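Participant: Provided herewith is a single structure, encoded as structure tokens, for subsequent inquiry.
Residue numbers (the numbering used here): 35 to 446.
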């Protein structure tokens, strides 16, 4: 780390993973750090994300890992070069938290919880001298000073550099509300519109289907969707039927391409393989096998295990005539088209796309339009699927911004 004057002071605005990581880098570099957050405590989204098991990062090869960032892989690559998945695990171990690799390749703390990790991290930061200012909502600038709304009224702070790590616009109740967008646009910072990512989609189910199957999981299914390159891509996994559409890990993994298709054409189509463990030929043979007096629904359940929500999907998506055509029915079991009308609202999404454009930054993550102000985390215009990729990039971008601020202070 470059050495800096002990009088140098940096404000980190935002207490999520990116902001906390930036604060750690800065405090290790000898800078006095004040961390501000609008909420009563830091890391709220981090803690909620860990309720079902804290997925920290992923163990897949580095090249495959980087491809998860899609169109922004080139921009994310320098972050990961400085702090990759292996480094994330070593850092966590340094906090006294052990990790393990799950069957899917995802990496978790041994106890699967986020709270012990966050407690250990905050203890380290406080020991390093980081000062935390809760219930301080950033309001922009007054001249060179930062403005904050606090329970005691408006306050100002003057610092040598600023790191903005305010998150995107998903889960506003936890602090990520996108309120920073107009503040930066007022300073001529280009910001791509925020949009839902890792989100569900509406399909406009019939009332009959929705009332019977909302909440039903599809645990053995594959989905084919068109990628940004126009080439069909197939993934197997699971998702859930909602009252008005679909959500879940398999849908989230496709959400970026689906969202862009809807924006371009007004809708997107996915094709469901309801029997991914059977070949198309096997399905055709079973569907066309003589069934005697049994109904087709009973026949499908007996021969292919089609029942419940899968049976309901066939009835929902096929006309009576198509359902009665055995060749068409067999084809639909392997490629059942489902039209998605719109993404769910951004506040329901796990994360958001859009944000500060990368061309607004220099090589050290500093805003070209506002010297001395650096940006990290979900505020930037990138996205990634769930599976540890979001969190790893947030950690890594926070470190990159912290190092950039140290370098800038040293040279100023």
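In this text, a Cβ means the ideal position worked out from N, Cα and C, and glycines have one as well. These numbers come from a predicted model, not from an experiment.
Look at residue 289 and residue 351 and say whether their C-beta atoms are less than 7 Å apart.
Facilitator: Cβ distance not < 7 Å, so residue 289 and residue 351 don't count as in contact.
Participant: Quick one: Cα of residue 419 to Cα of residue 349, how far?
Facilitator: C-alpha separation (whole angstroms): 31 Å.
Participant: Cβ of residue 353 less than 7 Å from any chain C Cβ?
Facilitator: Considering every chain present, this structure includes no chain C. It has just one protein chain.
Participant: Given a threshold of 16 other Cβ atoms within 10 Å of its Cβ, counted over all protein chains shown, does residue 295 qualify as buried or as exposed?
Facilitator: Buried, since its Cβ has 16 or more Cβ neighbours within 10 Å.
Participant: Kindly indicate which three-state DSSP category residue 305 falls into: helix, strand or coil?
Facilitator: If DSSP states are grouped into helix, strand and coil, residue 305 belongs with the strands.
Participant: Which residues in the same chain have their Cβ closer than 6 Å to the Cβ of residue 430, if we skip the five residues on either side of it in sequence?
Facilitator: Excluding residues within five positions, the ones whose Cβ falls inside 6 Å are 113, 114, 117.
Participant: Given a cut-off of 7 Å on the beta-carbon distance, is the pair residue 227 and residue 388 in contact?
Facilitator: Closer than 7 Å, so yes.
Participant: Note down the Cα distance separating residue 277 from residue 382, rounded to an integer number of angstroms.
Facilitator: Those two C-alpha atoms are separated by around 14 Å.
Participant: Quick one: Cα of residue 442 to Cα of residue 57, how far?
Facilitator: Taking the straight line joining both Cα atoms gives about 15 Å.
Participant: What distance in whole Å lies between the Cβ atoms of residue 180 and residue 162, which are believed to be in contact at a cut-off of 8 Å?
Facilitator: With 8 Å as the limit, residue 162 and residue 180 do not qualify as a contact, their Cβ atoms being about 22 Å apart.
Participant: Can you name, in chain order, every residue of its own chain whose Cβ lies under 6 Å from the Cβ of residue 42, other than the five neighbours on each side?
Facilitator: Taken in chain order, the residues that qualify are 65, 194, 443.
Participant: Using the C-alpha atoms, what's the distance from residue 417 back to residue 437?
Facilitator: Answer to the nearest angstrom: the Cα atoms are 22 Å apart.
Participant: Which parts of the segment 258 to 333 are runs of the beta strand (DSSP E), unbroken and 3 residues or longer, counting only runs that do not cross its ends?
Facilitator: You should have 266 to 275, 279 to 281, 302 to 307.
Participant: Does residue 423 come out as helix, strand or coil in the three-state DSSP assignment?
Facilitator: Residue state, collapsed to three classes: helix.
Participant: Indicate the three-state DSSP secondary structure (helix, strand or coil) for residue 189 in the structure shown.
Facilitator: Reduced to three states, the DSSP call for residue 189 is strand.
Participant: Where in the segment 375 to 437 do unbroken runs of the beta strand (DSSP E), each at least 3 residues long, occur, reported from the N-terminal end onward?
Facilitator: Here the runs fully enclosed are 385 to 390, 407 to 409.
Participant: Measure the beta-carbon distance from residue 390 to residue 218 and round it to whole angstroms, keeping in mind my assumption that it falls under 8 Å.
Facilitator: About 7 Å separates the two Cβ atoms, so the contact holds.
Participant: Quick one: grab the DSSP three-state call for residue 358.
Facilitator: Helix at residue 358.
Participant: How would you label residue 92, buried or exposed, when you count the other beta carbons within 10 angstroms and need 16 or more for buried?
Facilitator: So residue 92 counts as buried.
Participant: Helix, strand or coil for residue 174, going by three-state DSSP, please let me know.
Facilitator: Of the three classes helix, strand and coil, the one that applies to residue 174 here is strand, per DSSP.
Participant: From residue 97 to residue 238, what distance separates their C-alpha atoms?
Facilitator: For residue 97 and residue 238, the distance between alpha carbons rounds to 38 Å.
Participant: Hey, is the segment 160 to 178 in contact with the segment 355 to 369, meaning 3+ C-beta pairs nearer than 8 Å?
Facilitator: Taking 8 Å as the limit for Cβ pairs, the verdict is that the segment 355 to 369 does not touch the segment 160 to 178.
Participant: Helix, strand or coil: which one does DSSP assign to residue 47?
Facilitator: Correct three-state label for residue 47: strand.
Participant: So, are the CB atoms of residue 272 and residue 253 less than 7 Å apart?
Facilitator: Cβ distance < 7 Å, so residue 272 and residue 253 count as in contact.
Participant: Given a cut-off of 7 Å on the beta-carbon distance, is the pair residue 221 and residue 404 in contact?
Facilitator: Result yes, Cβ atoms of residue 221 and residue 404 sit closer than 7 Å.
Participant: Give every residue of the same chain whose Cβ lies closer than 7 Å to the Cβ of residue 375, excluding the five residues on either side of it in the sequence, and list them in chain order.
Facilitator: Closer than 7 Å at Cβ, skipping near neighbours: 236, 237, 238, 301.
Participant: Which residue wins for smallest C-alpha separation from residue 426, given the options 304, 346, 297, 94?
Facilitator: Nearest option by C-alpha distance: 94.
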